[in-house]
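Everything below concerns the one structure shown next.
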Amino acid sequence: EAGVAQSPRYKIIEKRQSVAFWCNPISGHATLYWYQQILGQGPKLLIQFQNNGVVDDSQLPKDRFSAERLKGVDSTLKIQPAKLEDSAVYLCASSLVYYEQYFGPGTRLTVT
Amino acid sequence: QKEVEQDPGPLSVPEGAIVSLNCTYSNSAFQYFMWYRQYSRKGPELLMYTYSSGNKEDGRFTAQVDKSSKYISLFIRDSQPSDSATYLCAMRTANTGNQFYFGTGTSLTVIP
């Protein structure tokens, strides 16, 4: 079974630029999560989708972050404009049953 | 008060030692308790999950949940250098759609 795929793996941008991350979940997993993990911290949920509907985006900084999940499969997370404090690893996870999550390798973003 | 507290370590043990990793939490509604292992520059990998109180064993790993004390533990027997990683606890309620809450992670090094 293929795992959660994410791209790119690394991205370096300057502040005020925009960036987009892509996630392809495990086939058949209806729930998809985007997390932000700052160095030395646990993952923080940004947004949770159930199929292509948003379940929870209460911690998503909506003035600069946006996410979509078209057709209930792939998802993209966008930051525009980026700030220095957005430097982190962005993790995508998917689940079939709500007590398990499977994570992708993450995208390491550096904002200079 | 954070939802989940976890000692970040670092923890360093000799090969073959028994390792004890712990988390405390404040929300008595948490029902599902998970342990993830995260290698450097990788996404978290689900090790074990436990529903409600009790113990669960899988090979060298044992997870314990004490809901009365709001305390969960992961024990690693006969630790190996390959166990060197960051261990994250996570938990959630039984309500569909509720988010996972993660600890900050404990960094473990097993010395050959």
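Here the protein sequences come in this chain order: A and B.
Once you know that position 25 of the first sequence is 25 in the working numbering, the rest is easy, because the numbers rise by one and skip nothing.
Once you know that position 97 of the second sequence is 1097 in the working numbering, the rest is easy, because the numbers rise by one and skip nothing.
Heads up, the beta-carbon is just placed ideally off N, CA and C, and yes, glycines get one too.
Since this is a predicted model, take the numbers as computed values, not measurements.
For A:E100, the chain B residues whose C-beta falls within less than 8 Å of its own C-beta are M1034, L1046 and Y1049, listed in chain order.
Close to chain B, meaning a Cβ-Cβ distance shorter than 9 Å, are the following residues of the stretch 40-54 of chain A: G40, Q41, G42, P43, K44, L45, Q48 and Q50.
Beta-bridge annotation (DSSP): B:Y1101 is paired with B:M1091.
Among the residues of chain A, those whose CB is under 8 Å from the CB of B:P1008 are G40, following chain order. Under the three-state reduction of DSSP output, A:K71 falls in the helix class. Buried is the label assigned to B:Y1049, since at least 16 other Cβ atoms lie within 10 Å of its Cβ. A:S18 sits close to A:P81, with the two beta carbons spaced by under 9 Å. At a cut-off of 9 Å between C-beta atoms, A:V4 counts as an interface residue with respect to chain B. The stretch 79-93 of chain A makes contact with the stretch 24-44 of chain A, as at least three CB pairs between them are under 8 Å.
The beta carbon of A:P105 falls within 9 Å of a beta carbon belonging to chain B, placing the residue at that interface. Look at the beta carbons and you see the stretch 62-74 of chain A not touching the stretch 1100-1111 of chain B: under three pairs across the two are nearer than 8 Å.
Proximity of chain A to B:K1042 at the Cβ level (cut-off 8 Å) is accounted for by P105 and G106, in chain order.
Not a single CB atom of chain A sits nearer than 9 Å to the CB of B:R1060. Residue B:Q1031 holds the alpha-carbon nearest to the alpha-carbon of B:K1067 among B:Q1006, B:Q1031 and B:P1010.
Nearest in C-alpha terms to A:K44, of all of B:I1111, B:Q1080 and B:F1102, is B:F1102. Burial is judged here by how many other beta carbons sit within 10 angstroms of a residue's own beta carbon; B:Y1087 has at least 16 and is buried. Its Cα nearest to that of B:Y1051, the residue B:A1029 stands out among B:A1029, B:P1014 and B:G1009. Annotated three-state conformation of A:D86 is helix, per DSSP.
A residue is called buried once 16 or more other Cβ atoms fall within 10 Å of its Cβ, and B:S1069, having fewer, is exposed. For B:R1037, the enclosing beta strand (DSSP E) has its first and last residue at Y1032 to Q1038. For a Cβ distance threshold of 7 Å, residue set G42 and P43 of chain A lies close to B:F1102, ordered along the chain.
In the same chain as A:F21, and ignoring 5 residues on each side of it, the C-beta atoms closer than 6 Å to its own belong to L77, Y90 and T107, in chain order.
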